[in-house]
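Heads up: the structure comes next, in structure tokens.
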Amino acid sequence: MEGSVVLQSTLRRKVSILNKNPSADKDNVLKVALTCTFTEEEEDAFSREITKMENRLIPLTSIDMRKVAFQCAEKLQIPHYFNKDTELAGRH
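Position in the sequence shown (from 1) plus 71 gives the number in our numbering.
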């Protein structure tokens, strides 16, 4: 996946999962860490909308942004690994 960025903390967490559970499906655990949900264009559009809201003095917390990202993925029927229980993008 050329040009992808994976946070060091994400990789550490995934390695920790594998270390604690050697029988875990390694490909599946790592796939979650290395898979992008949105295309670069979708991320740019999301970023522009957030910037517009901030310019209108609409405060957004990280939780707000994670909720919106989850809702976008669901509405657009984009396959994702987001937490369906909390309805938040990000960690499971």
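The beta carbon of each residue, even a glycine, is placed where N, CA and C say it ideally should be. Computed from a predicted model, the values in this text were never measured in an experiment.
How many angstroms separate the CA atom of residue i from the CA atom of residue j?
{"i": "residue 139", "j": "residue 79", "result": "25 Å"}
{"i": "residue 129", "j": "residue 123", "result": "9 Å"}
{"i": "residue 73", "j": "residue 108", "result": "Only weak support is given to the placement of residue 73: the predicted model assigns it a pLDDT of 47, under 50, and the question is left unresolved by the model."}
{"i": "residue 146", "j": "residue 96", "result": "29 Å"}
{"i": "residue 148", "j": "residue 158", "result": "14 Å"}
{"i": "residue 152", "j": "residue 127", "result": "31 Å"}
{"i": "residue 121", "j": "residue 143", "result": "13 Å"}
{"i": "residue 85", "j": "residue 125", "result": "33 Å"}
{"i": "residue 87", "j": "residue 119", "result": "35 Å"}
{"i": "residue 133", "j": "residue 90", "result": "30 Å"}
{"i": "residue 114", "j": "residue 137", "result": "13 Å"}
{"i": "residue 93", "j": "residue 81", "result": "18 Å"}
Below 8 Å on the Cβ atoms is my guess for residue i versus residue j; work out the distance and round it to an integer in Å.
{"i": "residue 160", "j": "residue 141", "result": "5 Å"}
At what residues does the alpha helix (DSSP H) containing residue i begin and finish?
{"i": "residue 90", "result": "79-91"}
Practice item. Identify every run of the beta strand (DSSP E) within the region 110-162, keeping only runs that are complete inside it and at least 3 residues long; order them along the chain. Key: none
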